Amino acid sequence: MDLGHLIPRSFKGNLRTAVRGEGVYLYDEEGNAYFDGCCGALLSSIGHGVKEIADAMYQQLLTMEFAHPSRWNNTVSIEAAEEVASLTQEGLDYVWFVSGGSEAIESAMKIARQYFVERDGNGSGKFEMIARWNSYHGSTVGTMGLAGSMGRRRTFAPLFKESPKICAHYCYRCPLNLKYPDCGVACARSLETEILRLGPESVAAFFAEPIVGSTVGALHPPKEYWPIVREICSKYDVLLVADEIMTGMGRTGKAFCTQHWNVTPDIICSAKALSGGYAAVGAMIVKKEIAETIRDGSGAFQHGHTYNGNPVTAAAVTATIRYMKKNNVFENAAERGRQFDEKIPALLDIPIVGEVRGMGLMRGIELVADKATRAPFPASLKTAAFVTEECMKRGLVIYPGTGQIAGVAGDQFLFAPPLVSTKEELDEMTGRLEEALKASAEALRSKG
Ligand SMILES: Cc1ncc(COP(=O)(O)O)c(C=O)c1O
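Right, dumping it as structure tokens:
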């Protein structure tokens, strides 16, 4: 297709053109249906073409499409904030709306710093933001320095400030060469070492994805991980920031993933499924104490975007959350997740499937050349892209990734069907996936 003046995600490659969406399917120009097995990038959780959301946005467009947030409040975003706060852990009460995930993370970085300055005075030395290798927190310059997604960062590394990092809980290839549970979750405990190394008086926050998304393919932590990092953060007066941009909004069977471990972060960043993919949105949700320190101090978060609390976006958020509540979408995600668990043994039987990971409807598969040694495929084989195309040929969209091994090797992919998928739809999706993986294994064996 001639893209004219458009800069696409890639000038190479051979992307199909999507023209329509309905339920769990996207349709190309020829009318072929593709099961949206990754919800775009884990956002189209209530499926495509939901009229109620479109109606709510349309009505808001007719009523008032915009009023600048520095000069006006609007009731639509107040209502949306109330809906968001109704889903979070107790105490996470204040919501700041932005236009996407990267902006939510940037907001969290800034509010973490401002909170300590307002609380302790201009002399506060707390500014360091610790994160993890094998993480993704966005594509802006600030979030790239924070995150540790090696391949994505290399070109831009001279532009950003590098945040201190600890390793991720990559148990399948433990960076510490340990084995769970004998390891005592040493990767979580290494946060304490890093805080002490930097000096607790300089550390403002620790950022992590509850389940690592695109960089490692639904890498879920041992159950002790989040309670341990919560305890360490509290001990050293460090804010715990959960990047729930992929994991939130019911993806793992609960509104926010940290709820599985009864952990309350100080800040949650959300985006993507917050509006079901119907509007560009992100949100930073902070503990009362953080918002009220600023409210009672300088009185303003020193940050702002033109589209903060945009009324049309807010209408989409409210309509999406109400739709999710009315249709028990989170409960369905949990149920479908249990249904998927039963398929894992069959998937693990496929020669190229090294590990099946994740929780609820956020799942990932790591592809290996040798199951026994866990050796990855040579990067030149482009295995993740190959498997993705095998899935596409069978009408299934997945979300591939590479480079989880030191940024230079490894193939994996995420799959995450709409949370409204029925039992039959999930069976259809896993059937297509299994078929594509078996065909890929066969083809890759003959390649080499
Ligand atoms: C965990 C995580 N954080 C942050 C982001 C950035 O969100 P956005 O692309 O909306 O800026 C993403 C996007 O994929 C993500 O998966």
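Residue numbers (our numbering): 2 to 449.
Don't be surprised by glycine CBs; every beta carbon is placed ideally from N, CA and C.
Because the structure is a prediction, the values reported are computed rather than measured.
Is the beta carbon of residue i sitting closer than 8 Å to the one on residue j?
| i | j | result |
| --- | --- | --- |
| L44 | Y35 | no |
| Q60 | V77 | no |
| C188 | A417 | no |
| Y181 | P223 | yes |
| S136 | V213 | yes |
| T403 | A376 | no |
| L240 | I268 | yes |
| L362 | L397 | no |
| S108 | H304 | yes |
| N311 | F67 | yes |
| L415 | A219 | yes |
| F128 | G146 | no |
Counting contacts by CB-CB distance shorter than 8 Å, is residue i in contact with chain C?
| i | result |
| --- | --- |
| W134 | The chain inventory of the structure shown lacks chain C, comprising one protein chain alone. |
Just to confirm my understanding: we take residue i, look at its own chain, exclude 5 residues before and 5 after, and list those with CB closer than 6 Å. What are they?
| i | result |
| --- | --- |
| E80 | T319 |
| A440 | E391 |
| M2 | T18 |
| R483 | Nothing about residue 483 can be read from this structure; the chain reaches only from 2 to 449. |
State the DSSP-derived secondary structure class of residue i, mapped to helix, strand or coil.
| i | result |
| --- | --- |
| H49 | strand |
| E163 | coil |
| P228 | helix |
| E210 | coil |
| V25 | coil |
| L258 | According to the sequence provided, residue 258 is Cys. The question's Leu does not apply to it. Helix, per DSSP. |
| F157 | helix |
| K13 | coil |
| D297 | helix |
Could you check the C-alpha separation between residue i and residue j for me, to the nearest Å?
| i | j | result |
| --- | --- | --- |
| A113 | P401 | 33 Å |
| L427 | S71 | 45 Å |
| M285 | K448 | 47 Å |
| R133 | P165 | 8 Å |
| G451 | N178 | Beyond the ends of the chain as shown, which are 2 and 449, falls residue 451; an answer cannot be given. |
| F341 | I229 | 29 Å |
| M110 | G251 | 24 Å |
| V20 | I131 | 42 Å |
| T259 | G5 | 44 Å |
| A46 | M151 | Checking the sequence, you will find Ser at residue 46 rather than Ala. Cα to Cα, S46 sits roughly 28 Å from M151. |
| R120 | G355 | 48 Å |
| A335 | E443 | 33 Å |
| G22 | E425 | 19 Å |
| H170 | D183 | 14 Å |
| V313 | T141 | 24 Å |
| Q405 | G143 | 21 Å |
Can you list, in chain order, the residues of its chain with a C-beta nearer than 8 Å to that of residue i? Leave out the 5 residues immediately preceding and following it.
| i | result |
| --- | --- |
| E84 | V318, T319, I322, R323 |
| S87 | I322 |
Once the 5 residues before and after residue i are set aside, which same chain residues still bring their CB inside 7 Å of it?
| i | result |
| --- | --- |
| M325 | I47, G251, F331 |
- With a cut-off of 8 Å, do at least 3 Cβ pairs link the region 320 to 329 to the region 399 to 415? Counting C-beta pairs with one atom in each stretch, the region 320 to 329 and the region 399 to 415 have fewer than three that are closer than 8 Å, which means they do not touch.
- Query: If you pair each beta-carbon of the region 290 to 304 with each one of the region 95 to 110, do three or more pairs fall below 8 Å?
  - Reply: yes
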